[in-house]
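**Q** For reference, the structure I am asking about is given below.
In this note's numbering, the protein residues as written are 184 to 472.
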């Protein structure tokens, strides 16, 4: 079993391919991927769902067996588990390749939506046009930067330096600053939501408001100045805002976060089992593809 998986790995994922063999390998992988998609789409809708369900079940079965079966020893079960573990890097590579198709799907969806807006010149079509300009601009500059970037210790050429600087301006000057501006605007919505949530209409809301006020004041210099008259040592030192904030974040807040994460993990496990066993109902499971 291990020898078969190892030979299959070397065939599908060669360790080192150079020159024209690399381009042939890339072209072949693209052709196989597109052919697999067309083959899946050519299957009748009533059988297409069965194919997807079988592939999903086998993928979940592999990771379940690899994790649950005991390793070590010389019994057949341990040997089979070891073979599954040795094949895990190849399976991870395959999952990464399949996941990359979702990037293509998302990009094509954006092209369809923004292309329709530009063609019909609907409200806000200038933003869609800006999307296409920025997309192709950073795409082309990024490819050119990588193409003219030397490997090893070779010096950077003039074209490589120019494209690297342009890419730095586009990414560091525009993308990162626009991200920072977007998240800074989100802060105002957070303040608005906090104002609505902190309206004291019950004992729980009042307790939450007092706790939030202590934490916010304890994290800024103003809070430290308000209780700076208290001693740094002794029983009264625990009443300093920075000490109270540290205690709230370390003990009650951490306990609540762990409880929430535990509940989310249980829900994630239940949802994974439902998807694995095709028990979930949604846009795929209760409709024909």
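Ideal placement from N, C-alpha and C gives every residue a C-beta, glycine not left out.
Given the structure is predicted, the values throughout are model-derived calculations rather than measurements.
If we ignore side chains and look at the alpha-carbon of each, how far apart do residue 377 and residue 451 end up?
**A** 28 Å
**Q** Since residue 254 and residue 261 should fall inside the 8 Å C-beta cutoff, what is the C-beta to C-beta distance between them, to a whole number of angstroms?
**A** 6 Å
**Q** I think residue 427 touches residue 397, with their Cβ atoms under 8 Å apart; what is that distance to the nearest whole Å?
**A** A Cβ-Cβ distance of about 5 Å is found for the pair residue 427 and residue 397, placing them in contact under the 8 Å criterion.
**Q** Count the other CB atoms, across all protein chains shown, that sit within 10 Å of the CB of residue 311; report buried if there are 16 or more and exposed otherwise.
**A** buried
**Q** If you draw a straight line from the C-alpha of residue 410 to the C-alpha of residue 424, how long is it?
**A** 6 Å
**Q** Residues in the same chain with beta-carbon distance under 6 Å from residue 475, minus the five sequence neighbours each way, listed in chain order, please.
**A** Coverage of the chain is limited to positions 184 through 472, which leaves residue 475 absent and any answer about it impossible.
**Q** Would the stretch 311 to 321 count as touching the stretch 335 to 346 if we require 3 or more Cβ pairs under 8 Å?
**A** no
**Q** Rounding to the nearest angstrom, what Cα-Cα distance links residue 350 and residue 336 in this structure?
**A** 21 Å
**Q** Going by Cα to Cα distance, which pick from 256, 328, 249 is closest to residue 264?
**A** Considering only alpha carbons, the answer is 249.
**Q** Here's a check: name, in chain order, each residue in its chain whose Cβ is nearer than 8 Å to the Cβ of residue 422, leaving out the five neighbours to either side.
**A** So the list reads 410, 413, once near-sequence residues are dropped.
**Q** Taking Cβ to Cβ, would you say residue 459 is nearer than 9 Å to residue 240?
**A** yes
**Q** Among the candidates 307, 338, 353, 306, whose CA atom is the shortest distance from the CA of residue 323?
**A** Between residue 323 and the set 307, 338, 353, 306, the nearest pair of CA atoms involves 353.
**Q** For the alpha helix (DSSP H) containing residue 264, name the first residue and the last one.
**A** 259 to 269
**Q** With residue 405 as the anchor, note down where its alpha helix (DSSP H) starts and where it stops.
**A** 404 to 409
**Q** Quick one: give me the first and last residue of the alpha helix (DSSP H) that residue 438 is part of.
**A** That run of the alpha helix (DSSP H) goes 435 to 459.
**Q** If we call anything under 9 Å between Cβ atoms a contact, is residue 280 one with residue 216?
**A** Contact flag set, yes.
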